[in-house]
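Comments concern the structure below.
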Amino acid sequence: MVPLSAYVAVSAVLFTTGVIGVLIRRNFIIVLMAVEIMLNAANLNLVAFSHYLDSMAGQIVALFVIAVAGGEAAVGLAIIIVVFRGKISTNVDEMNLLKW
Amino acid sequence: MVAFFFAYFSLVSILAGALTVALRNPVHCGIALLTLLLHVAGLFFLLNAEFLAIVQIIVYVGAILVLYLFVLMLLNLKTDERVLHSRYPLFLVPAVLGCAYLLALMLRSPFGGVKGDAPVAAVLQHGDTYAVGIKMFSDYLLQFEIVGVFLLGAIIGAIVLAKTPTAADTDSREA
């Protein structure tokens, strides 16, 4: 029997990887992928607690997280396409249109 | 047996997560992310969440990741540009601090909680999909509808953002 803490540890490592990816990478698409890693880590946590605490709620919330991740990916990639069409590169350093 | 599969799925998913963040070519990052998603789906199977594992494979791998790869294909990114953020050591410090805080919280947690009303034996009687369906369309119906409206908004937003600007749009903006 695998203990709950093992699942939580895996989830924490994955979430950490995602946070580091969001912070240090420059390519906006990779940043979005790192966000997906973080959402997956949260999902793993929810499902693990749902299993070990005998509750269905965690799996329902994980389903909603997957749906929201789909919306986030669609809108994020649309923004990337708009930015790229304006001949700005996809590096997050050079996207500063809204800065003043 | 379960311990062996847990070790395999968790090790490969951690490795794939690290590769997703570390690889230079965005397409390779996408493939590493695919490996990560499939192995997290395997972990879901180990946790008796078959429905969620299948949804993860169909929606995440089949739809979201293909969308990423599609955009990568459309954009023709240059891979030779500098990979890391220009001041990434500055960001690495708070990331490491935050992770240490997360670790400290985890080590202190008793992982306790109130037991719910769906023990494993009761779920396995009719299957996981049945249990998820009953719960979702009774207690979580409002949230389900809200997610539907949210997805509609996301679809409309994505279409409006990615639409090619027509001549009429540019005219009205200049006027």
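Keeping their order, the protein sequence lines are chains A and B. With the working numbering applied, the first sequence covers 31 to 130. With the working numbering applied, the second sequence covers 1377 to 1551. For each residue, glycine too, the CB sits at the ideal point set by N, CA and C.
Among the residues facing chain B, A/Met125 is not included, as its CB has no counterpart in that chain under 8 Å away. Our two residues, A/Val40 and A/Ile59, have alpha carbons roughly 24 Å apart in a direct line.
Restricting attention to beta strand (DSSP E) runs no shorter than 3 residues, the region 1482-1533 of chain B encloses none.
Residues of chain A with a Cβ closer than 8 Å to the Cβ of B/Ser1389 are, in chain order, Val40, Leu44. Contact between B/Val1496 and B/Ala1507 is ruled out by a C-beta separation of about 10 Å, above the 8 Å threshold. Taking a Cβ-Cβ cut-off of 8 Å, the neighbours of B/Met1512 in chain A comprise Ile90, Leu93, given in sequence order. Looking only at B/Arg1463, B/Gly1438, B/Ile1390, B/Leu1448, the smallest Cα-Cα distance to A/Arg56 is reached by B/Arg1463. Your pair A/Ala64 and A/Gly51 checks out as a contact, with CB atoms roughly 3 Å apart and the cut at 8 Å.
Across the structure, A/Gly100 and B/Tyr1444 are spaced so that their CA atoms are roughly 11 Å apart. With respect to A/Val49, B/Gly1474 sits close: the two C-beta atoms are nearer than 8 Å. As DSSP reads the structure, A/Asn57 sits in a beta bridge with A/Asn121.
The three-state secondary structure of A/Ser85, taken from DSSP, is coil.
Around the Cβ of B/Asp1504, a 10 Å sphere holds 16 or more other Cβ atoms; the residue is buried.
Taking every protein chain shown into account, the CB of B/Met1449 has fewer than 16 other CB atoms within 10 angstroms, so this residue is exposed.
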